[in-house]
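Everything on this sheet refers to the single structure shown next.
Residue numbers (the UniProt record's numbering): 1 to 238.
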């Protein structure tokens, strides 16, 4: 066996090891564009300076077979990039069950807030928790009936600290006055013009009507605590 053949076998063995050790989240991309002879030659010439794009270093088996036939220097480059792949990125399987369960707003008067979110926006109270000097209200749309609160997505939690409703000088910061922070919630509707017409009839306060400003396909309404709620059309999200 020629000496060079032994080197190529060692190169192939190294590449197989790389295939076994490549992290799962990189396995869906393809190395096919590196498998052709011209590009392999180009990649080999770059091996010493390790300039192969990191995005090309994945575990597509068919392309890796071609790489295993390439000079040892190329596999050396692949090994270098294998060691540089970030280890902090969690495999997708570890986050597959994660979901955005809820956001929380503090409200001054729960009667006014529940009236708004139930009767104006059509949400339902799906759970309630009394904590002594505070009460939590959990609201959601009933598109997920029969699902537990922990399994749901996009729940709105309203927190009422008892007594705030009796203090005329009390108000929560809505995040859009200085210093700015929280921005807004967003609700999508099938017919945005009909929704805004209905809000007008109900006496809802607007931060921005459809006809205001340059963006004529969105609106902003205000809840009783002056939190902004963006209204968008289901088929034309921004």
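Heads up, the beta-carbon is just placed ideally off N, CA and C, and yes, glycines get one too. Quantities reported herein were computed from a predicted structural model and do not represent experimental measurements.
(request) Assign residue 110 to one of two classes, buried (16 or more other C-beta atoms within 10 Å of its C-beta) or exposed (fewer than that). (result) buried
(message) Give me the DSSP bridge partner(s) of residue 186.
(response) 230
(request) Take residue 123 as the anchor and find which of 172, 92, 157 and 98 has the nearest alpha-carbon. (result) 157
(message) Measuring straight from C-alpha to C-alpha, what distance separates residue 233 and residue 175?
(response) 24 Å
(message) Given a cut-off of 8 Å on the beta-carbon distance, is the pair residue 161 and residue 133 in contact?
(response) yes
(message) Helix, strand or coil, according to DSSP, for residue 198 in the structure here?
(response) helix
(message) Can you find the residues in the same chain that come closer than 6 Å, C-beta to C-beta, to residue 117, ignoring five residues on each side of it along the sequence?
(response) 123 and 139
(message) Is there a Cβ of chain B sitting closer than 8 Å to that of residue 147, yes or no?
(response) Any reference to chain B falls outside this structure, which holds one protein chain only.
(request) With DSSP as the reference, please indicate the residues paired to residue 106 in a beta bridge. (result) 159
(message) Whole angstroms are fine: how far does the CA of residue 210 sit from the CA of residue 198?
(response) 13 Å
(message) So for residue 143, helix, strand or coil by DSSP?
(response) helix
(request) Look at the alpha carbon of residue 93 and the alpha carbon of residue 101, and state the distance between them as a whole number of angstroms. (result) 19 Å
(request) Determine the DSSP secondary structure at residue 170, reduced to helix, strand or coil. (result) coil
(request) Quickly, what does DSSP pair residue 135 with across the bridge? List them, please. (result) 130 and 160
(request) For residue 195, count neighbouring C-beta atoms within 10 Å of its own C-beta (all shown protein chains included) and say buried if the count is 16 or more, exposed if not. (result) buried
(request) Go ahead and label residue 202 buried or exposed: buried means 16 or more other beta carbons lie within 10 angstroms of its beta carbon, across all protein chains shown. (result) exposed
(message) Per the DSSP calculation, residue 208 is bridged to which residue(s)?
(response) 220
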